[in-house]
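See structure below.
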Amino acid sequence: MTINPDLQGRSYPAAEVYDVGREKIREFARAVKATHPAHFDVDAAKALGHSDLVAPPTFAIIVAQRADAQLIEDPESGIDFSRVVHADQRFTHHRPIVAGDRLVAELHVDGVRAMGGGAMITTRSEIFALARGAAGDSADVREPVATTTSSILVRGEGQ
Amino acid sequence: MSITIAELTVGQDIGSRSIAVTRTDLVKYAGASGDFNPIHWNEAFATGVGLPGVIAHGMFTMGAAVQLVTDWAGDPAAVVDFQTRFTKPVPVADTTGTPEAGAVIEVSGAIGALDADAGTARVDLTVVSAGQKVLVKAQAVVRLA
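Those protein sequences? They're chains A and B, same order as listed.
Sequential numbering of the first sequence, starting at 1, is according to our numbering.
Sequential numbering of the second sequence, starting at 1, is according to our numbering.
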């Protein structure tokens, strides 16, 4: 199966809301072997000026990969997930992610490039926090939190 | 935190650390991140798609490597930008039931650039496992006081 070149420029709007919980921050921090107290102890986070526990620098991957799943699972994309290799990743934080944030991600397909029998696909997730108390779909009360970009190599047959 | 840009110089070492990785760590990372690709926990599946065996999530390696920077900076929120390329997989041997690591990742960092106007320092990470660079262009931009 070949990758659909028309994917380039496609966007997927923000779908489900991701609620950032304290225990998820602690669990993710332990999973990447982080020990900084600002991930675990609310008082330590507040002492650094944060409103609640601070997520580790790569935490946004949870939200970004949920957004990517919309593309990978799109029957029009032609992507076989078992042939996907992660090629590069970048996180740009506009402000820290903290417990209590309600995040949504807009996915943009920035590049599709044929490579051998496969393809390199670059996606960008624009992650926003919804204002506290806002409805999940209110686009006008959201604050930019992070931009993540990711390239995946979809290996062709025999690659 | 009290690091200021004035006290740093390009090329300065910020330290190093060694990260022991087991198959259990990969299962934990899969659960925490939601990335359940079987190449990270199932030997038969991994070898079936042409890998040497179960490999670590690239995002596990990236996420663990940046802790050196976080601890140096004194505040995880100081890391305003972090990027890498994944160049080699990190195979993790099955050492279940023993105290041995399945792989060891060595991380070291040095100041790669300073931007006095932005108040940021770029830390360049060298990340090696089994003698091979597993991350390339691993760069974290840190906002300093």
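Even for Gly, the Cβ is constructed at its ideal location relative to N, Cα and C.
On a Cα-Cα basis, can you pick out the residue from the options that is closest to residue i?
i	options	result
B/D25	B/T95, B/A140, B/V134	B/T95
A/D160	A/S11, A/V145, A/T2	Missing from the structure shown is residue 160 of chain A; chain A here goes from 1 to 159 and no further.
B/A20	B/G11, B/A65, B/E43, B/I14	B/A65
A/Q89	A/G9, A/I152, A/D6	A/I152
B/R23	B/M62, B/L8, B/I39, B/T9	B/I39
A/F40	A/S82, A/V54, A/L48, A/A47	A/V54
A/F128	A/L48, A/R142, A/M120	A/R142
B/T9	B/A138, B/Q132, B/V123, B/V134	B/V123
B/W72	B/F86, B/Q12, B/V27	B/Q12
B/N101	B/Q83, B/I14, B/A56	The identity of residue 101 of chain B in the sequence shown is Ala, whereas the question assumes Asn. The shortest C-alpha separation from B/A101 is found at B/A56.
B/V107	B/G34, B/Q132, B/W41, B/D35	B/Q132
B/G112	B/K137, B/W41, B/Q67	B/K137
B/F60	B/G97, B/T98, B/I14, B/I105	B/I105
A/Q8	A/R22, A/I121, A/L48	A/I121
B/W41	B/K88, B/G74, B/A93	B/A93
A/G21	A/R113, A/E126, A/A60	A/A60
B/G34	A/G78, A/V112, A/Y18, A/D80	A/Y18
B/R143	A/H94, A/M115, A/E126, A/H108	A/H94
A/A47	B/G74, B/S18, B/T84, B/A110	B/G74
A/V85	B/G109, B/S18, B/A46	B/A46
A/P144	A/D101, A/E76, A/S77, A/M115	A/D101
Residue i touches chain A at which residues, Cβ-Cβ below 7 Å?
i	result
B/D71	H36
B/F36	Going along chain A, no residue has its Cβ under 7 Å from B/F36, so there is no contact; the nearest lies around 11 Å.
B/A32	E27, F28, A31
B/V49	S82
Using 9 Å as the threshold, is the C-beta distance between residue i and residue j below it?
i	j	result
A/A99	A/I25	yes
A/D110	A/T123	yes
A/D52	A/V63	no
A/A15	A/P56	no
B/S2	B/A118	no
A/A45	B/A32	no
B/S129	B/V90	yes
A/I3	A/A87	no
B/V54	A/R83	no
A/E73	A/P13	no
B/A44	B/N37	no
A/L103	A/L130	yes
A/T149	B/M62	no
B/I5	B/A77	no
A/G117	A/R66	no
B/F82	B/V134	no
B/A121	B/L114	yes
A/H164	B/Q67	With chain A covering only 1 through 159, there is no way to say anything about residue 164 of chain A.
A/A34	A/H50	no
Tell me whether residue i is buried or exposed, calling it buried when 16 or more other Cβ atoms sit within 10 Å of its Cβ.
i	result
B/V79	buried
B/V127	buried
B/S16	exposed
B/S7	Reading off the sequence, residue 7 of chain B comes out as Glu, not Ser. Its Cβ having fewer than 16 others within 10 Å, B/E7 is exposed.
B/G58	buried
A/P5	exposed
B/T98	exposed
B/F86	buried
B/P52	exposed
A/P96	buried
B/T84	buried
A/E126	buried
B/S18	exposed
Would you mind telling me which residues of chain B sit closer than 9 Å to residue i, beta carbon to beta carbon, in chain order?
i	result
A/H93	A77, V79, V80, D81, F82
A/P13	Ordered by position in chain B, no residue passes the 9 Å Cβ test against A/P13, which lies about 20 Å from the chain.
A/L71	The contacting residues do not exist; A/L71 stays about 15 Å from chain B at best.
Interface residues of chain B around residue i at Cβ under 8 Å?
i	result
A/V54	D75, P76, A77
A/A44	None at all; the shortest Cβ gap to chain B is about 10 Å.
A/Q89	G58, M59, M62, Q83, T84, F86
A/P96	P76, A77
A/Q8	Residues of chain B passing the Cβ test: none, with the nearest at roughly 21 Å.
A/Q65	S33, G34, D35
A/L103	Here the premise fails: no neighbours, minimum Cβ distance about 14 Å.
For a contact defined as C-beta to C-beta under 9 Å, what are the partners of residue i on chain A?
i	result
B/K28	E27, R30, A31
B/I19	K33
B/V66	V32, A34, P56, P57, T58
Note down, in chain order, every chain B residue with its Cβ under 7 Å from the Cβ of residue i.
i	result
A/I61	S33, M59
A/L107	Chain B residues near A/L107: none, gap ~16 Å exceeds 7 Å.
Notebook entry, point to check: What are the complete alpha helix (DSSP H) segments, minimum 4 residues, inside the region 41-105 of chain B?
Noted result: The region 41-105 of chain B contains these whole alpha helix (DSSP H) runs: 43-48, 58-65, 67-73.
Next item on the list: Within the region 72-140 of chain A, note down every full beta strand (DSSP E) run reaching 3 residues or more, in order along the chain.
Entry: Fully enclosed beta strand (DSSP E) runs of 3 or longer: 84-93, 102-115, 118-130.
Margin query: Report the start-end ranges of each beta strand (DSSP E) in the region 105-135 of chain B that is 3 residues or longer and not cut off at the edges.
Written below: Counting only runs of at least 3 residues, the region 105-135 of chain B fully encloses the following beta strand (DSSP E) elements, listed from N- to C-terminal order: 120-129.
Margin query: Report the start-end ranges of each beta strand (DSSP E) in the region 3-63 of chain A that is 3 residues or longer and not cut off at the edges.
Written below: Correct list: empty.
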